[in-house]
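Residue numbers (UniProt numbering): 1 to 266.
Positions of the beta carbon are idealized from the N, C-alpha and C atoms, including for glycine.
Bear in mind that the values here come from a model prediction, so they are computed numbers and not experimental data.
Okay, so here's the structure we're looking at.
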Ligand code: 15L
């Protein structure tokens with residue numbers, strides 16, 4: 001896999017992945033609406049995931065697309081529809097038109113955010129239970145991936161990412177943290193897998209307080225988690241105190257995304 005097109009490359013996960021996915025002989029083709037300064041082994045394209053012509057051009061000659069672009073949290077419906085749902089359709093369609101054989105789609109735990117702890121570890125084939133319009137867009141993206149695999153033969157891997165941040169941002173993330181290094185290991189597994197077909201896997205680290213989602217599918221792809229959010233727990237509790245394990249944040253996989261007063265106007 002020598003040329004990798006990364007959409008949303010200027011975003012949080014894109015920025016974390018750039019140095020981690022860099023390899024001699026590999027080109028990272030970075031696409032974003034924000035300006036990007038390409039480093040060695042990188043190319044930058046300023047374009048939106050809502051621009052099919054630009055996406056198709058950017059996809060030419062790529063071996064794989066890693067689709068990170070779009071809103072990474074809740075937003076008004078029109079914005080989700082345009083950037084996340086139509087944008088993801090355009091990413092798959094551009095890949096098909098340009099002959100890119102594989103797409104790795106950054107899905108989210110919020111596609112299944114209303115599942116509850118009695119179902120843990122949540123299976124890869126758990127029914128969709130989105131917790132937000134954002135979660136609906138991830139369900140739609142997974143469905144588009146299935147369509148483009150079954151109809152056109154693209155290999156499509158959807159990673160339901162839990163919480164990918166440099167450090168766990170809150171107590172829920174002690175269970176859901178997906179360290180940047182583990183996230184890069186997951187992408188490498190997606191790039192290396194031989195004929196993966198269509199798959200949905202969860203992306204999470206080996207957290208002591210984890211076990212919320214199945215890692216069976218990820219392991220079948222060749223992913224092995226190495227990091228554990230527990231290393232941050234003592235300091236987090238010392239600074240902020242500890243929330244009760246039966247509190248609202250822990251009632252559903254999606255945590256705060258399931259709260260009825262979640263602000264969609266961000
Ligand atoms: C996501 O899908 C979001 O992109 C991210 O900002 C976090 O909220 C994460 O899920 C999470 O569930 O922690």
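Report the option in the options whose CA atom is closest to the CA atom of residue i.
i           : options            : result
residue 150 : 133, 178, 159, 196 : 196
residue 199 : 24, 36, 106        : 106
residue 231 : 248, 174, 225      : 174
residue 104 : 44, 203, 165       : 203
residue 36  : 164, 51, 18        : 18
residue 177 : 255, 217, 157, 9   : 255
residue 194 : 225, 165, 156, 181 : 156
residue 258 : 69, 234, 112       : 112
residue 217 : 165, 260, 126      : 126
residue 50  : 70, 44, 108        : 70
residue 109 : 160, 139, 140      : 160
For residue i, does the count of other Cβ atoms within 10 angstroms reach 16, so buried, or fall short, so exposed?
i           : result
residue 171 : buried
residue 130 : buried
residue 266 : The predicted position of residue 266 is uncertain, since its pLDDT is 44 and thus under 50; a value taken from the coordinates is nonetheless stated next. Flag for residue 266 reads exposed.
residue 124 : buried
residue 205 : buried
residue 14  : buried
residue 168 : buried
residue 142 : buried
residue 74  : buried
residue 237 : exposed
residue 152 : exposed
residue 180 : buried
residue 132 : buried
residue 145 : buried
residue 11  : buried
So who's on the other strand from residue i, going by DSSP bridges?
i           : result
residue 202 : 160
residue 31  : 7, 45
residue 155 : 102
residue 67  : 7, 105
residue 212 : Answer is none; residue 212 lacks a bridge partner.
Under 7 Å: does the beta carbon of residue i sit that close to some heavy atom of the ligand ADP?
i           : result
residue 252 : Ligands displayed in this structure: the ligand 15L; the ligand ADP is not among them.
Please state the DSSP three-state secondary structure of residue i.
i           : result
residue 252 : coil
residue 122 : strand
residue 77  : helix
residue 266 : Confidence at residue 266 is low in this model, with a pLDDT of 44, below 50, so its placement is unreliable and the value that follows should be read with caution. Residue 266: coil per DSSP, three-state reduction.
Inset, instruction - Count the C-beta pairs between the stretch 210-222 and the stretch 106-124 that are closer than 8 Å, then say yes if the count reaches three, no if not. - result: yes
Legend entry - Inter-stretch contact at 8 Å, needing at least 3 Cβ pairs: the stretch 45-61 / the stretch 72-80: no
Inset, instruction - Mind the definition here: the stretch 180-188 touches the stretch 240-254 only if three or more C-beta pairs lie below 8 Å; say whether that holds. - result: no
Inset, instruction - Flag this pair as touching only if the stretch 4-12 and the stretch 58-74 have three or more C-beta atom pairs under 8 Å; answer yes or no. - result: With the cut-off at 8 Å, the stretch 4-12 and the stretch 58-74 touch.
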